[in-house]
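Each remark here refers to the structure printed beneath this line.
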Amino acid sequence: MTEFEVPDPNATGLENEAQPESLRLLQESRRKLAEGGGKERVDAQHARGKMTARERVLALLDEGSFQEVDAFMLHRHSDFGLEKSRFPGDGLIAGFGKIQGRRVCVYAHDFTVLGGSFGEVAGQKVAKIMDLAMDAGVPVIGLQDSGGARIQEGIFSLAAYGELFYRNTLASGVVPQISVMLGPCAGGAVYSPALTDFIIMTKGISNMFITGPEVIKTVTQEEVDVETLGGAAAHASLSGVAHFAVGSEKEAFETVRRILSYLPSNNTEPPPAVVPTDDPWRMDATLNTLVPEDPSMPYDMKVAIERIFDLGSFFEVHASYAQNAIVGFARLHGQAVGVVAQQPMHLSGVIDIDASDKISRFVRFCDAFNLPLITLSDSPGFMPGVAQEHGGIIRHGAKIVYAYSEATVPKLTVVTRKGYGGAYIVMGSKHIHADLVYAWPSAEIAVMGAEGAVNILFRREIRAHPDPEAERARLVAEYREKFANPYRAAAHGFVDDVILPAETRPRLIAALELLRDKQSTLPAKKHGCMPV
Ligand code: HXC
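Following the working numbering, the numbering of the sequence shown begins with 155 at its first residue and continues without gaps.
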């Protein structure tokens, strides 16, 4: 079977039976649906390495599970020759089905019909399927391959997108929403995904932009090709618009399945647990020597993540974006959790604007969908610099503290090394109501690092000293001994225990078990005003 050969969705097994004419007509109509915008356009779609919308839906869903809705809807417009392009379904396939046995709603733009453009009918179909998803409490997956608002339908297209954006917003935090970008997507075809929880882009095939290269050239005289502007690499690593960049459509669908495997179907359910395959008591001695003695030396936080959580369970989100922060899903003794960490290997793990966005958004997502938060904090500070200050690091960094403070899911934090100043407070500290905070013996919880503190506190004394460098070294050593450890924080209950790194896994599993039924509520309000 080639990539593009999929089972005939219309096969009923009755083909050879004598049938009433009405049934035969329905069969015939269904067969036509599979043709999309016609053979020529379907061939062109395949020639670009893309499946058709129907092939995609069938490839994504469990075999035989797709139930189509509104297949026969037709648009009712005629400007600019539109009456000649009336295809059943009108360039959008919508329905419901199952992924790994769990119910989902799905829609897919059909690029073979008027470039998958989004008009009044597409809007009505997506609105219906999203309303069904909300009522049923199941995730919505949108397969995007669309030139945006159907130009010929004018205000009707814009109205349709408005209705979609409205629903994306209302569904946010109620059911998971995933967008898969599978072609050139412009206008509303990128705004709607931007309102969803996860965006997956196919490399070399999909792109996303608000204003295309021609517009940019006209307005700014800048020359840019479409891939550089809005390809998967650009959005997965620079803009952060895409959470995943994958090599093929198949990989994109695999990614959807993997994301959903960690998520509940809606915000009233717990995330699905799996039968644990890893020893809950497993203690990994290599963790004891992971953090170098010298605080200026980096180490790979991903090693800690891989060894603490159930083996092979970590699934990174936003892997190429703001790599000084790490976010992703994992399991602890079979229970799905959200992991937030800092990466000393990249910019020493400092918090900058992009990391603030990445962390705060993920924390809010986990809280909305009942995923406990496990934070591995090595937080040396906020990124200094004019660009960061003028870019608004103050308000961006504030989002992290806002997101953690507001989160009511179980929150467990492990301080592995640096816990300096505000950057320590925001990363799930006890002070913003983490449930349990552990520290490794290598933790240094203080207002700032030793060198910086000594330079500020003793500048005059050091300058006046006959041997300034020796005096500086003495003061740094004294500060280290006093402050660069976890015991001062532990002595005051700001750290619940100092643990051996190797013990981290069983300690977190035990804490998570304690907090399984955590009940916590926020003050009654319409909603807060996050410093976005
Ligand atoms: C109607 C459209 C269309 C559109 C493409 N087509 N976009 N028809 N409305 N928005 C048609 C083309 O005319 C063409 O038809 C067929 O789809 C395939 O398009 P091509 O241009 O041949 O394909 P390609 O070269 O791959 O380029 C794809 C594309 C480009 C990058 C998407 O078509 C494009 O730039 N389209 C316009 C994008 C855009 O500006 N959309 C409006 C955004 S405003 P034929 O019959 O010739 O093959 C918007 C507002 C929403 O969405 C509100 C936001 C807040």
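Ideal Cβ positions, reconstructed from N, Cα and C, are used throughout, including at glycine. Computed from a prediction, not measured in an experiment: that's the story for all the values here.
Does DSSP put residue i in a helix, in a strand, or in coil?
i    : result
T356 : strand
P685 : coil
T567 : strand
N421 : coil
T266 : coil
D532 : strand
K572 : strand
L444 : coil
F463 : coil
F250 : strand
L414 : helix
Y475 : coil
Y453 : coil
G385 : strand
R628 : helix
G545 : helix
N361 : strand
M288 : helix
F310 : helix
L349 : coil
I586 : helix
I305 : helix
G296 : strand
I332 : strand
Going along the chain, which residues of its own chain have a beta-carbon closer than 7 Å to the beta-carbon of residue i, five neighbours each way excluded?
i    : result
S596 : V445, T570, R571
V504 : N478, P534, G535, F536, M537
Q306 : H231, D233, F234, L236
C683 : none
G341 : G302, A303
V378 : P367, I370
V328 : M288, N420, N421
R411 : I253, Q254
V630 : A604, E605, V608
K680 : none
Q199 : T206, F265, T266
Could you check if residue i belongs to the surroundings of ligand 1, using beta carbon to heavy atom distance under 7 Å?
i    : result
A495 : no
I305 : yes
L246 : no
L312 : yes
Y345 : yes
Y133 : Residue numbering for the chain in the displayed model covers 155 to 686; residue 133 lies beyond these limits and cannot be assessed.
S450 : no
G190 : no
G269 : yes
A388 : no
G385 : no
A340 : yes
G235 : no
A302 : One point to set straight first is that residue 302 is Gly, not Ala, in the sequence displayed. True, at least one ligand heavy atom lies under 7 Å from that Cβ.
Leaving out five residues before and five after residue i in sequence, what residues of the same chain have Cβ atoms less than 6 Å from its Cβ?
i    : result
A343 : Q298, S300, G302
Q278 : none
T156 : Here the model assigns T156 a pLDDT of 40, short of 50, so the residue's position is not dependable, and the following value carries that caveat. Here the set comprises nothing.
R210 : A262, L297
T409 : I354, F398, V400
S391 : S474, Y475
I616 : P622, E625, R626
E470 : G482
D454 : M499
C520 : G492, L527
What residues in its chain sit with their C-beta under 8 Å from that of residue i, if we drop five residues either side in the sequence?
i    : result
P242 : S183, K186, L187, A225, F226, M227, L228
S559 : I586, H587
D244 : M227, L228, H229, V267, G273, V275, A276, K279
Sufficient close CB pairs (3 or more, under 8 Å) joining the stretch 515-530 to the stretch 492-504: Because the criterion of three Cβ pairs below 8 Å is met, the stretch 515-530 and the stretch 492-504 touch.
The stretch 429-445 / the stretch 460-477 touching (three or more Cβ pairs under 8 Å): yes
Cβ contact (3+ pairs, closer than 8 Å) linking the stretch 547-554 and the stretch 615-631: no
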